[in-house]
Amino acid sequence: MKHETLTVELGERSYPIVIGEGLLQHAPKLLQEAGISSKSQLLIVTDEHVAKNYLEPLREVLATEGYRTTASVIAAGEQSKSLSVYDRIMTEAIQAGLDRKSAVLALGGGVVGDLAGFVAATYMRGIDFVQLPTTLLAHDSSVGGKVAINHPLGKNLIGAFHQPRVVIYDTSALHTLPKREVAAGFAEVVKHGLISDEAFVDWLKENADRLWELDSELLAKAIQRGCAVKAAIVSEDETEQGKRALLNLGHTFGHAFEALSAYSALNHGEAIAIGMCIAAKVAERVGIAEKGVCEQTERVLSLYHLPTKWPAGLTPEAVLEAMKRDKKTVGGKLALVLPRAIGHVELIKDIDEEIILTVMREEVEA
Ligand SMILES: NC(=O)c1ccc[n+]([C@@H]2O[C@H](COP(=O)([O-])OP(=O)(O)OC[C@H]3O[C@@H](n4cnc5c(N)ncnc54)[C@H](O)[C@@H]3O)[C@@H](O)[C@H]2O)c1
Ligand SMILES: [Zn+2]
44 MKHETLTVEL
54 GERSYPIVIG
64 EGLLQHAPKL
74 LQEAGISSKS
84 QLLIVTDEHV
94 AKNYLEPLRE
104 VLATEGYRTT
114 ASVIAAGEQS
124 KSLSVYDRIM
134 TEAIQAGLDR
144 KSAVLALGGG
154 VVGDLAGFVA
164 ATYMRGIDFV
174 QLPTTLLAHD
184 SSVGGKVAIN
194 HPLGKNLIGA
204 FHQPRVVIYD
214 TSALHTLPKR
224 EVAAGFAEVV
234 KHGLISDEAF
244 VDWLKENADR
254 LWELDSELLA
264 KAIQRGCAVK
274 AAIVSEDETE
284 QGKRALLNLG
294 HTFGHAFEAL
304 SAYSALNHGE
314 AIAIGMCIAA
324 KVAERVGIAE
334 KGVCEQTERV
344 LSLYHLPTKW
354 PAGLTPEAVL
364 EAMKRDKKTV
374 GGKLALVLPR
384 AIGHVELIKD
394 IDEEIILTVM
404 REEVEA
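Numbering follows the working numbering, in which position 50 of the sequence shown is assigned residue number 93; successive positions increment by one, without gaps.
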């Protein structure tokens, strides 16, 4: 089996991410290697779209090695990261007889991963968790151990840190993913390059066509590299005290666009793509960015069919207000991750609001 591997180094919570075409067929072996026993019942959480293609094949291959599984299939979409769906899965887990040696398998994108991970983190005070990502964006959620559900008053407000035992990333699953979701995933891949790896950004530019067509070897490399950048940062800062903030490049703007999405209708990847472009413009304006950073940021994002221009219908004033409400702003002061160069970002605190507003106003007019 041809694959890329990466270990997320977190002491005794370290775990491997195995990436390759057709890996779901090797799930039993990979589970065994991760110490997941076939003695206890496993719970597979997945959504309706993913279930259609991948649930039965997974259950069958697991059954051949003596793994007993039960499945919870949720409705696709962010609204399933809710207390009521969490409650339903807990009930199904108890009724299926899951015990302390059982594991929860998240087969799906970031929604399934976050929800199933939170189930695993809290079922009987925490049981084993395995991720089987089926979206490109989920390369991001497969590193870091953040698991959560939403509260009606805010996203991801109920959660925990719970690291998976293993991540089994079958790149062939990405072939059924809608292209708009593929692009959204590439926004986070590009982000990981922009944060700390200029050579990776160049590689993403050179290979954009083949990657967009999901060439499996290149895709495995891109996922591996994206995960590696995040893993290096998370290893230094597992519980988000400092360095992990750098992963928010483009996100303060992006979250604001999403919060106002009743008007803009952007998905997360699209929102942060535009956010990264605006962050680059602010960086140029405050004089910390090398020449060409904006242009290069826009260029690489456009190669992956992502938007780079101001979202029509949003006003800079509304966006600034939404940015101040973002839970990552502390004490009302705006701290932004800004690029100094491609592959080098910094958290800048106390940025003058007027500068941010001016840059945004110019964007609206552009
Ligand atoms: N925990 C973290 O560190 C972290 C990081 C980033 C994002 N997230 C969370 O991830 C979520 C977004 O993740 P996402 O973009 O993967 O969304 P998602 O899980 O909703 O998947 C996107 C859509 O694609 C469908 N889908 C998934 N795999 C498919 C496949 N192989 N073929 C066809 N359709 C498929 C899904 O049913 C859904 O409709 C958000 O809730 C976000 O908060 C978490
Ligand atoms: Zn993100």
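Note that CB positions come from ideal geometry on N, CA and C, so glycine has one too.
Taking 8 Å as the cut-off, the Cβ atoms of Ala106 and Thr89 do not count as close.
Taken atom to atom, the span from the alpha-carbon of Leu289 to that of Leu67 is near 32 Å. For Glu231, the shortest C-beta to heavy atom distance toward ligand 2 is below 7 Å.
Measuring C-alpha to C-alpha distances from Gly297 to each of His311, Gly386, Arg287, Gly285 identifies His311 as the nearest. Per DSSP, Glu108 lies in no beta strand (DSSP E) and is assigned neither H nor E. Excluding its 5 nearest sequence neighbours in each direction, Ser345 has C-beta neighbours in its own chain below 8 Å: Thr351, listed in chain order. For the options Glu279, Val104, Asp258, Asp395, the alpha carbon positioned closest to that of Leu53 is the one of Glu279. Counting the other CB atoms within 10 Å of its CB gives Met366 a total of 16 or more, which places it among the buried residues.
Relative to ligand 2, His182 has its C-beta separated by 7 Å or more from all heavy atoms. For Val173, the enclosing beta strand (DSSP E) starts and ends at 171-176. In this structure, Glu313 lies near Ala227, with their beta-carbon atoms less than 8 Å apart. Put simply, the stretch 246-259 does not touch the stretch 136-145. Fewer than three CB pairs are less than 8 Å apart. Counting C-beta pairs with one atom in each stretch, the stretch 174-182 and the stretch 151-158 have three or more that are closer than 8 Å, which means they touch.
By the C-beta criterion, the stretch 163-176 is judged to be in contact with the stretch 190-210, since at least 3 inter-stretch pairs fall below 8 Å.
Taking C-beta atoms as the reference points, Ile238 and Val272 count as a pair closer than 8 Å.
Burial of Lys124 is indicated by the presence of at least 16 other C-beta atoms within 10 angstroms of its C-beta.
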